[in-house]
Structure formats: C-alpha cells, structure tokens
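J.: Have a look at the structure that comes next, please.
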Amino acid sequence: MQDIQIIDKTSCYEGFFKLIRYRLKHTLFAGGWSDELLREVLERGHAAAVLPYDPEREEIVMIEQFRPGAIGHTNGAWLWEIVAGILEPGEIPSQVVYREAVE
C-alpha cells in the first residue's frame, strides 16, 4: 500500500534547482488519509558528504562557504559546513566527496 497519493505535480521553476508544487494526500498514523495539501519541494538532486577527521590532532575539517540563502541572517551569509557536494550525472558518492575535499 502506498502511503502517499500525488494528485497533481506542477513545475514552478527550472534553473540551477527545480521547484515543484505537489498537490497530495498522505496516510495518517491514526489511520485514514490527510486532507489535500499543497507543498512546494526544492529539488536539487542527491548529495554526498564527509567529515574528515585527523586522529593525531584530534580535529575535524570544516569549510567556510558563502550561501545566498543566509544573506538576511544576523551572522551573515558565510557558513561553516562539512565537506559536501551534489552528485553529477554518472557520479557515485565517493567520487563526489573526493572532488569536494580536493576543491
């Protein structure tokens, strides 16, 4: 049994990311189905991440990266993150984390 019913799927935007609007229902823990919902989903593809650790120094490696989505935040748009990247067509996660770690 499926736990979701997609009633309609509409592409709202396609650029670097895709924005999809779903009209759907889902099952409830108490049984039955939810009311119809409208939800927007930002599709960006699959990602892979790694948290490098140096056991001799007992340190992890993080990167500081500019993120436009955080422009309005009081701490600014430069965020501390683990090493991660989006899988390109044909890539596997280990290739992605290696590429991003070298970058």
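Residue numbers (our numbering): 3 to 105. Yeah, the Cβ is synthetic: ideal placement off N, Cα and C, and Gly gets one too.
Starting from S96, trace the beta strand (DSSP E) both ways and give me its first and last residue.
T.: For the purposes of this step, residue 96 is identified with residue 94 of the sequence shown, where counting begins at 1. First-last for S96: 95 to 104, but that is the alpha helix (DSSP H), not the beta strand (DSSP E).
J.: Can you check the stretch 38 to 81 for any beta strand (DSSP E) of at least 3 residues that lies completely inside it and give the ranges in chain order?
T.: For the stretch 38 to 81, whole beta strand (DSSP E) runs of length 3 or above, ordered along the chain, are 39 to 45, 49 to 52, 65 to 68.
J.: Quick check on DSSP: helix, strand or coil for G87?
T.: As a first step, residue 87 is located in the sequence shown; it is residue number 85 there, counting from the start. Note: G87 maps to strand in three-state DSSP.
J.: From the DSSP output, in three-state form, read off L30 for me.
T.: Here the question's residue 30 lines up with position 28 in the sequence shown. It is coil, neither helix nor strand.
J.: Out of K20, K27, F19, which one is the CA nearest neighbour of I6?
T.: For this step, residue 6 is matched to residue 4 along the sequence shown. Closest by alpha carbon: K27.
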